[in-house]
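Q:
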Amino acid sequence: MQLATQDNSGSYLIAPMPARAGLTRSVTGRDHTGAQVDLSVVEERPLTIYLNAQEIVTAMTIGDYPEYLALGFLRNQRMLGDDDVVTGVDYDDELQVVVVRTARQTNHEDKLKKKTRTSGCAVGTVFGDMMEGLDDVVLPATPVRTSWLYALSAAINRTPSLYLEAGAIHGTVLCHQDRPLVYMEDVGRHNAVDKIAGWMLDEGVSADDKILYTTGRLTSEMVIKTAMMGIPVLASRSGFTAWGVEIAQQVGLTLIGRMRGQRFVCLAGEDRLIRDADPAAVQDEPRKSGRKGGEG
1 MQLATQDNSG SYLIAPMPAR AGLTRSVTGR DHTGAQVDLS VVEERPLTIY LNAQEIVTAM
61 TIGDYPEYLA LGFLRNQRML GDDDVVTGVD YDDELQVVVV RTARQTNHED KLKKKTRTSG
121 CAVGTVFGDM MEGLDDVVLP ATPVRTSWLY ALSAAINRTP SLYLEAGAIH GTVLCHQDRP
181 LVYMEDVGRH NAVDKIAGWM LDEGVSADDK ILYTTGRLTS EMVIKTAMMG IPVLASRSGF
241 TAWGVEIAQQ VGLTLIGRMR GQRFVCLAGE DRLIRDADPA AVQDEPRKSG RKGGEG
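With the UniProt record's numbering as the guide, the letters of the sequence shown map in order to residues 1 to 296.
In structure tokens:
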């Protein structure tokens, strides 16, 4: 098995762009000794999402891919159904507003009355019926080779990103077998997942044979969104919450956490794993790695 050893961002369909204007800002401060330090910090800004004429939510985001974020949010909240035809997605940079238009009229007034703040470091919003529909989820029995997991972890963790540039941000990567495809970042892991969902919806990409990788904790909303997207495998460098594990077991999602170097822990859906790689042959990750797991 050959693992990535250098920057492989050219192999992505969408890769992070840490040098993109407007994503970070340079600030000056003082460290613990009183010496001046210049730091690059992540920008965050509000984005208001409309579905037709109805205001749905204002999310705090870094501002890239607003159309994908809006589409993915609405799809993951089940405000956009399988039979909905999207006729337009319009973004106004000056107003920081994105409007998704559909062929049919929509009204989610009752749904908007039930909001739940998520556990993300940048507080997000899901709606009170977020568990509805999980009983109908049937995830494909797609096998997952451990050699793919090791290769993905090595490749993703060496990819230049806003996290490595400035920290205080989450990354989520859509993968196929041992290839990372689309790498999105945002101040909240839920936003990064929604961008992935929006891209998949816009491009008509199937979820059956995909793996979702996240740098954040494996919480209930992460598991629910992954399952509702139809992706059978969710992996992370970070740890788990009890409810996240319980829901993954309920819906048959393969849940892999604490994935660093040779090590990982699978707490649900272990039957999908094909252990075709010898962990001893995998280069372990130094304890003091440049990328940590689970910033909120």
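Ideal placement from N, C-alpha and C gives every residue a C-beta, glycine not left out.
From a predicted model like this one, the values you see are computed outputs, not experimental measurements.
Pop quiz: residue 180 and residue 65 are said to be a contact at Cβ under 8 angstroms. What is the actual Cβ separation, rounded to whole angstroms?
A: Residue 180 to residue 65, Cβ: 17 angstroms. No contact.
Q: When burial is assigned at 16 or more other CB atoms within 10 Å of the CB, is residue 103 buried or exposed?
A: Answer is exposed; the Cβ neighbour count stays below 16.
Q: Leaving out five residues on either side along the sequence, give the residues of the same chain with a beta carbon under 6 angstroms from the beta carbon of residue 89.
A: So the list reads 67 and 100, once near-sequence residues are dropped.
Q: Under 9 angstroms, do residue 42 and residue 28 count as touching if we go by C-beta distance?
A: Cβ atoms of residue 42 and residue 28: not closer than 9 angstroms.
Q: CA-CA distance, residue 53 and residue 153?
A: Straight-line Cα distance between these residues: approximately 42 angstroms.
Q: Sort out for me which residues DSSP pairs residue 143 with in a bridge.
A: The partner list for residue 143 (beta bridge, DSSP) is empty, contrary to what the question assumes.
Q: Please classify residue 121: does DSSP put it in a helix, a strand, or coil?
A: Because the pLDDT at residue 121 is just 46, under 50, the model does not fix this residue reliably, and the value given afterwards should be weighed accordingly. Of the three classes helix, strand and coil, the one that applies to residue 121 here is coil, per DSSP.
Q: How do the stretch 267–278 and the stretch 137–154 stand: do at least 3 beta-carbon pairs fall below 8 angstroms, yes or no?
A: A contact exists between the stretch 267–278 and the stretch 137–154.
Q: So is residue 197 buried or exposed if we call it buried at 16+ other beta carbons inside 10 Å?
A: Buried.
Q: By Cβ distance, which residues of its chain are closer than 8 angstroms to residue 228, with the 5 residues on each side in sequence left out?
A: Correct list, in chain order: 76, 78, 133, 134 and 137.
Q: Could you spell out the range, first to last residue, of the beta strand (DSSP E) harbouring residue 88?
A: Element bounds for residue 88: 86–92.
Q: Go through its chain and collect everything with a Cβ distance to residue 193's Cβ below 6 angstroms, but skip five positions before and after it.
A: Closer than 6 angstroms at the Cβ level, and outside the excluded window around residue 193, lie 172 and 225.
Q: By the three-class DSSP mapping on this structure, what secondary structure does residue 11 have?
A: In this structure, residue 11 counts as helix in the three-state DSSP scheme.
Q: Between residue 80 and the rest of its own chain, which residues show a CB-CB distance below 8 angstroms, the 5 nearest in sequence each way excluded?
A: Within the same chain, residue 80 has close Cβ partners 51, 71, 74, 86, 100, 102 and 201.
Q: Just mark residue 118 as buried or exposed, buried being the case when its beta carbon has 16 or more other beta carbons within 10 Å.
A: Below a pLDDT of 50, predicted positions are generally treated as unreliable, and residue 118, at 47, falls in that range; no measurement from the model is reported.
Q: Could you compute how far the alpha carbon of residue 178 sits from the alpha carbon of residue 147?
A: Each residue's Cα considered, the two are about 8 angstroms apart.
Q: If the criterion is Cβ atoms closer than 9 angstroms, does the pair residue 251 and residue 223 meet it?
A: Closer than 9 angstroms, so yes.
Q: With DSSP collapsed to three states, give me the class of residue 213.
A: Strand at residue 213.
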